[in-house]
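Step one of this worksheet: look at the structure below.
There are 2 protein chains.
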Amino acid sequence: RLRQAQKNNDTQTGKFSITSLPVHLTVSPAAERLRYILGDDEDTMPTPTLFTEMDTLQQEDDELEWRESARWVKFEEKVEEGGERWSKPHVSTLSLHSLFELRTCLQTGTVLLDLEGYSLPQIIDDVIERQIEEGLIGPELRDKISFVLLRKHRHQTKKPIHRSLADLGKSGSGVSECSIFISPSIPTHTSRSMNDIADTPSTDQLKNKFMKKIPRDAEASNVLVGEVDFLEKPFVAFVRLSQATTLGGLTEVPVPTRFLFVLLEPPGKAKSYNEIGRAIATLMVDDLFSDVAYKARDREDLIAGIDEFLDEVIVLPPGEWDPKIRIEPPKKIPSADQRKSVFSLNELGQMNGTAGGGGPLGEELAYTGRFCGGLFLDIKRKLPWYLSDIYEGFHIQSISVVLFIYLGCITNAITFGGLLGDATDNYQGVMESFLGTALAGTVFCLFSGQPLIILSSMGPILIFEKLLYEFSKNNGIDYMELRLWIGIHSCVQCLFLVATDASYIIKYMTRFTEEGFSSLISFIFISDAIKKMVGTFKYYPINIDFKPDYVTAYKCECLAPDTSKSILGIDLNWTNTLDWTQLSKKECVKYGGSLVGKSCKYVPDLALMSFILFFGTYTMTVTLKKFKFSRYFPTKVRPLISDFSIFMSIMTFVGLDMLIGLETPKLIVPTEFKPTRADRGWFVMPFGKNPWWVYLASSVPALLVTILIFMDQQISAVIVNRKENKLKKGCGYHLDLLWVGFLMVACSFMGLPWYVAATVISIAHIDSLKMESESSAPGEQPQFLGVREQRLTGILVFVLTGVSIFLAPILQFIPMPVLYGVFLYMGVASLSGIQFWDRIKLIMMPAKHQPDFSYLRQVPLRRVHLFTLVQIVCLAVLWILKSTFLAIIFPIMILGLMVIRKMLDMVFSQHDLAWLDDILPEKEKKKKEDEKKNTKKDKKKGKGGDDSEDVSVLVARLFKERHRLLGFK
Amino acid sequence: RLRQAQKNNDTQTGKFSITSLPVHLTVSPAAERLRYILGDDEDTMPTPTLFTEMDTLQQEDDELEWRESARWVKFEEKVEEGGERWSKPHVSTLSLHSLFELRTCLQTGTVLLDLEGYSLPQIIDDVIERQIEEGLIGPELRDKISFVLLRKHRHQTKKPIHRSLADLGKSGSGVSECSIFISPSIPTHTSRSMNDIADTPSTDQLKNKFMKKIPRDAEASNVLVGEVDFLEKPFVAFVRLSQATTLGGLTEVPVPTRFLFVLLEPPGKAKSYNEIGRAIATLMVDDLFSDVAYKARDREDLIAGIDEFLDEVIVLPPGEWDPKIRIEPPKKIPSADQRKSVFSLNELGQMNGTAGGGGPLGEELAYTGRFCGGLFLDIKRKLPWYLSDIYEGFHIQSISVVLFIYLGCITNAITFGGLLGDATDNYQGVMESFLGTALAGTVFCLFSGQPLIILSSMGPILIFEKLLYEFSKNNGIDYMELRLWIGIHSCVQCLFLVATDASYIIKYMTRFTEEGFSSLISFIFISDAIKKMVGTFKYYPINIDFKPDYVTAYKCECLAPDTSKSILGIDLNWTNTLDWTQLSKKECVKYGGSLVGKSCKYVPDLALMSFILFFGTYTMTVTLKKFKFSRYFPTKVRPLISDFSIFMSIMTFVGLDMLIGLETPKLIVPTEFKPTRADRGWFVMPFGKNPWWVYLASSVPALLVTILIFMDQQISAVIVNRKENKLKKGCGYHLDLLWVGFLMVACSFMGLPWYVAATVISIAHIDSLKMESESSAPGEQPQFLGVREQRLTGILVFVLTGVSIFLAPILQFIPMPVLYGVFLYMGVASLSGIQFWDRIKLIMMPAKHQPDFSYLRQVPLRRVHLFTLVQIVCLAVLWILKSTFLAIIFPIMILGLMVIRKMLDMVFSQHDLAWLDDILPEKEKKKKEDEKKNTKKDKKKGKGGDDSEDVSVLVARLFKERHRLLGFK
């Protein structure tokens, strides 16, 4: 740091000087001073936020007045003189010169700390008195200075729109006069009133909407800079009031003033003095300096504060930057605490604390060793949140989320139900699918450890059911009963896994496995959506050879079957009564007629219309989703449009479809509450239809189901619980599994499909529940706060699914292609934000255009690409396997991914892996065990290095964690 | 400015000090020094560009080596240690502390200026010798220092891709060793070679592709910073060689070294010393300081250079900016000349010069007062460029431009030809339209003043022809002959306008008129494209009631006319032989059959397919056009994709159309070279068919045509010649008009339509010919250089149009909807970059999100909105008028716009208008006349103020001009 502080008492007016001192290895005197005033009283209240307003003296129609020229909450907002508007908040770029001049100003001017002030005239009197005492000004200037300082203040306020409109024609100025004239309390010096400042805040001040942007406890600091002709040397005063006081119309908003900086100067260099004003204003909003200003004991403390500020400033070379560019506020700025920590003597303390907190996985998946230990911890963790899980769901965002996820769920239920019906001869069909989804989903959202997970049926289970049904049919075993027993066994096995804390093995799933799995599921989603779309083209074939001119040649006629060849003559009479030409296509086929004609095979328009609906829904959703970042519409409308993008797109294209009126394929939900197959009831009896050994033997296929469910459920949970989502209420892997097990038995007894966490829909759920801070200070970037963690949206989605039977009249207007578009969007959206996907994109970018990812700074590009390639190959292999009969053991392949990840330890260094992936937990575990043995209780979360390799890994982790916290992503 | 320069000879080692001095109104000593060394020799050569490389000392396997850690051409590029790659170029953010420390380094260390150096060992010897002489180091350190400084240098070089791939598996480092060991020339001190530096550049250096980024005449400055354990105080040396010399493997690229900065320091503070190295490196690439470094006479000059640099630096407060953020290079940086001008005593000179040049319009449209004065000036201006107009057309960009504009032109020709054929009973049809376009376009592009203008037929002329034809038919006058005479009269009138320099009135067209007109034309283009698309839906009606199941009910049969009712019995036999069911729709109608059936009215799929082609072409073009700004693909491929976006979109959707094979409407061009109407020839005789008075009376309608043509031609020319396009070869309004007149007569004689400049296609032509600088220094933003001004693309477009008859077999594959998509794109694209359009968008933005346009800083928002509203109302009125029969005098309405603009002078202040529009030329003209009277020849373009209002206007203009030049847009 710059250690230039030993003040030379060079207090000659007009000379600005700064002397730097020898660099010792100890701290500089400035830092020592600050450490003394900032470091000693740690338990005092934090200092209030400062709002700084800078007013400059201007002449309007022979009348002097102070006009607001800039303000700072955190960043600078300037009044655009010509535009009569506030500039965008920007980083205050200062000139070094003005900072040095300011330093001299504070050295030479009057510094009044803890002045008892109750009104502006009194404060000004005190300041002038002090200056006369110190011999800085002659007493003859008293009245003149006082007169100038008490001129009225004009603030730049935002007018309500109706007033602006009324004002359109006039060329009046947009500033409002903020003070009313009150009777002068000081003998008049000129013909005009001596004091233009009101004692109480005016209505304009009170009505100022800017107040919302200022924290509640804020205090104001006022900077007054003006040029007057009667002075020969600058008049400088820095005042800190002992109590913050509202000084009438001094400040734009009714915030009490604590600091006052006055600079009146002889004419000629207004620009330069303005810069000094900007410099002190910028300093006043600096976290560190404002602390110093509040706690300063004397002038020297303030100057030490400036020196410390100068020590930390960032300098841009003049040849590489244009000072006229207004720098937009950065996404993230270093926290004041970090800067202050320099003065609290334990610089490392904070950093360790930061790194120690980075392991939510470890805590919740710790192996307790007790019976149901993990489960009890889960319940203990989640129970206190239960009430908030309900009431935090009441938010406008939830409506859009519920609609979005609901549509996703019922589309899924219908598709899956249809396939399952085909596979099991309608033993389980669309109706069962709906009922099962509603039941399982509601129960899970009500009681699970992670209610953000959305349950759904999954592909491997479908294949399993298909094989099982075929097996049962071929071997004369009752399918429903067999299925029930598999469900019972599987549930018992799940309970065993819960009781033994088996979920802790999830710890070995690193980013590699996690992202591999979720990418694959996303790809499947995308490919399914596209496949279904392409299917439409097959289902509604386009007559590509159609010649409009030969429309006369196209027809499709139903011809009666050749009765002469019919063996059964009985029906002949009946068929003869039919008017074959009047039959529809279906009837014709039904009655054995044959369709003859060029147009029989083709369906016009529907395929293309479906494509337009599909693609339109997807494109519009993507476009509207980006609307949050556009410049249009007020700040409150934009995120709303973004949140409701899916809903709006669906509505638009449903509307378009209704408008055109083509018979596109629609969403058809069952309208009656009864099993799809008439010969089955709502309850499956466990005994009676199969021989006894089947009850035992079914535990073998149950094992497969258990593994399937366990892997699928837990990896989806890991993805949902990812650190990036900043979940605060913790998760409950064991509790989740418990309920999945229970629901399996329940579904088996009712003959409903089995349910497990759905990766893509759960990610969509999480993504649409994300919260961002509403920025407070102008220019501050909104921060991602976390996810609206609650149970309400999930419950509503599944309750709605349950009552869909009654919603059928509404739902039948929704074309399927629109829903496929939503599916496509879900799949694509769940890919974004995945590091793997970022790295795939890197392959196509030339090195110099790649974004500044922190891992690119740390790991050579070819290693990054190698890692990506390994992942791509793994996924390709999985994709191929998935397309074969092996799809049934698909979730088990995740274990394969974990093995490959383990092997990567041999190819990549731990340093590289720490940046690209996570470190496998063995080493940490070992360390913890070591620690346990050593019973070093004081090092609870400490990660003391055992050998040199571990240390290097830890350092890498530490840095990574720090980078993440600092917003490097 | 900061005037802190008087050095206190505080040369104690380890102490860094800086003293600022009294601020006088005169210049500081530092500035005075610089003025002396920079200002005196203005006619010397400019100093070469400096490439700076910073190497740090590092230990690898017990071997010391210098490793490149950063480099500067203009911006900093850092070696990412872990990533083994170059960072993106960024603005060097320095700490103030390091700059002060550097200042002390230069005060205390050795400064050797103009050292005779031929090899590194010799230079190092000289430096060490001097240090020993000065008593800064003991002679016992000589060998150690020399050994360290002669270690080999490793540079971070980009590997060719095949080597990187081969390297993928290995974890080797990506740096290349740049020096080969040569036999030591100095007695070895340790077991290792004393000198690792080669004398000649290595192959790695020579092959380094980075060389392309460095200007040809560049010289290198090398910064060496290292930590050694044998020193107790820093060893600092700044060396300027008398002659730039290639010092072996010292520099990454084979650029001769001129400056050498060495800093060796005792261990412990590597970070801080690294920062000093970055500081000097940044200084060395600063334009001003590098000048100082080249011309410095002694140490004090260098320090004055640092002080001047410090005086200009921009300071960012630590609480508002994170020093870890790498700042991207700005779009534009202040030129070095501007900064240097401070030292050339006439600061105002440059500014005046800048503002004086801002009037290309004025010069070319000056009223000469002589017969054909403007025309001769035009020819004089354009003739010298003629050769370059041809050869500058040879560029890959031209291919895409020709295809794009060609497709636009023929689509236009076909549409217009079709309409004209309808209006004139095929006296002029598609064939005439093609021929006329080809003839007029080629001649105009060959000989006109502004060959970037594309001629085309226009709407008002179409209406005129229609009315004229009806008039002729009703009054028995020969249409073609009448038209010929109108053409002759109109040409004569045009020639009169040319001879009298009448085009000078174009000067009164300000941005208001210009943008209003071009927006309107763009809107018409967009609305036409959409209308045509909607027309497709009418032409190919969709059967929205179609039920796929009742396909049997849809048919369309041709029924024979009821012969019993037929009056003529003769044909009966013939019609009876027809198989009516085999007839096509057209034939059926032709033979009097009636079409019966539900499907007769409808055409399946074609409308939706057309929509997909239309919208797809438009969307894909827009998307690909943006590809230039994406991160993907190498830098050379990206602009290519962007340039060929239209071509690629057309090809894609033509391909898609062919693939699907539906009978979408295709582009049909005439295939035979003959007049559309058989009873007319290729030449119209001027006499014989009409009474004599028609020849005279036709001058009245000719007047209307002349005004139409004049306004349309000249306003399009103004839009093309806009300042923003940075045209360098000047324009030729008079010459353009001359040719338009000649072509009118020619077309009239041949019976072809009349042609005039087409606004939208011309803008599209200009836009697709834009050039950007290929950035030289890494990080420098490409600048818009201007337009590829040449005649070749235009000529090719029209020659291609002429031979389209032979291209018919290829062109028939292009579906019309694809071309409508291109039209839509043209219309939308020509709206972008128009200030009016920007201002419309402002209306929908809340004030705080509005972009930082310079006029928003200067003009109150409500005035901006008022101005925009006036423009919108004007356009709305014009749009409505255009939809009535008044469309025929549409171009004349531009005069109305000009009148309204004149009236705005009363509502808006000249200051506001200067920012939102341009100032009307009256005032300038008056001033010029005044000047003429005063015959102040020394103030040729000066704008000396006459009265106070003029001065304010001028100041506003000046500021505006300056802002524009500084890149504020």
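Going down the list, the protein sequences come from chains A and B. The first sequence begins at 1 in the UniProt record's numbering and counts up by one. The second sequence begins at 1 in the UniProt record's numbering and counts up by one. Cβ coordinates follow ideal geometry from the N, Cα and C atoms, glycine included. Note that this is a predicted model, so its numbers are computed, not measured.
Beta-carbon to beta-carbon, Leu260(A) and Asn222(A) are separated by about 5 Å, close enough to satisfy the 8 Å threshold. With a contact defined as Cβ atoms closer than 8 Å, Thr251(A) and Glu116(A) miss out at about 19 Å. Of the candidates Arg67(B), Ile505(B) and Leu106(B), the residue whose Cα lies closest to the Cα of Thr157(B) is Arg67(B). Contact of Thr93(B) with chain A is assigned, a C-beta pair being separated by under 7 Å. Under the 7 Å criterion on CB atoms, Pro318(A) is classed as interfacial with respect to chain B.
Lys666(B) carries a strand assignment under DSSP once its states are collapsed to helix, strand and coil.
Not flagged as an interface residue toward chain B: Gln714(A), since no C-beta distance is shorter than 7 Å. Contact with chain A is absent for Ile137(B), since none of that chain's Cβ atoms lies less than 7 Å from the residue's Cβ. The beta carbons of Leu375(B) and Leu735(B) sit about 6 Å from each other, so the pair counts as a contact at 8 Å. Short of 7 Å from the beta carbon of Gln450(A), and not among the five residues preceding or following it, lie these beta carbons of its own chain, in chain order: Ala717, Val720, Asn721, Cys731, Gly732 and Asp736. The criterion of a C-beta distance shorter than 7 Å is satisfied by Pro541(A) and Tyr602(A).
In this structure, Val745(A) lies near Cys491(A), with their beta-carbon atoms less than 7 Å apart. Secondary structure of Phe512(B) (DSSP, three-state): helix. Counting only Cβ-Cβ distances below 7 Å, Phe633(B) has contacts in chain A at Met844, in chain order.
DSSP, reduced to helix, strand and coil, places Asn543(B) outside both helices and strands of the structure shown, so it counts as coil. Under DSSP, Asn222(B) shares a beta bridge with Glu53(B) and Leu260(B). Between the alpha carbons of Phe644(A) and Gly802(A) lies a distance of about 23 Å. Under DSSP, no beta-bridge partner is assigned to Leu365(B). Neighbours of Leu583(B) across chain A, judged by C-beta separation under 7 Å: Thr552. For the pair of segments examined, the segment 767–787 of chain B was found not to touch the segment 471–490 of chain B: the number of CB pairs separated by less than 8 Å stays below three. Ala757(A) carries a strand assignment under DSSP once its states are collapsed to helix, strand and coil. Using a 10 angstroms sphere on the CB of Ala678(A), the tally of other CB atoms stays under 16, which defines it as exposed. Leu106(A) has a beta carbon lying at 7 Å or more from every beta carbon in chain B. Under the Cβ distance rule, Gly821(B) does not count among the residues neighbouring chain A, no pair being separated by less than 7 Å. Under the Cβ criterion of 7 Å, Val828(A) is not counted among the residues facing chain B. Along the segment 849–867 of chain B, the positions whose C-beta sits under 9 Å from a C-beta of chain A are His849, Gln850, Pro851, Asp852, Tyr855, Leu856, Arg857, Gln858, Val859, Pro860, Leu861, Arg862, Arg863, Val864, His865 and Leu866, read in chain order. At the C-beta level, Phe890(B) and Lys882(B) come within 7 Å of one another.
Assigned with DSSP and collapsed to three states, Arg240(A) falls in strand. According to the DSSP assignment, Ala777(A) belongs to no alpha helix (DSSP H), since it is labelled neither H nor E. Here the C-alpha atom of Ala237(A) lies approximately 60 Å from the C-alpha atom of Phe647(A).
Among the residues facing chain A, Glu84(B) is included, as its CB has a counterpart in that chain under 7 Å away. Contact annotation: Ala279(A) and Leu102(A) have beta-carbon atoms nearer than 7 Å.
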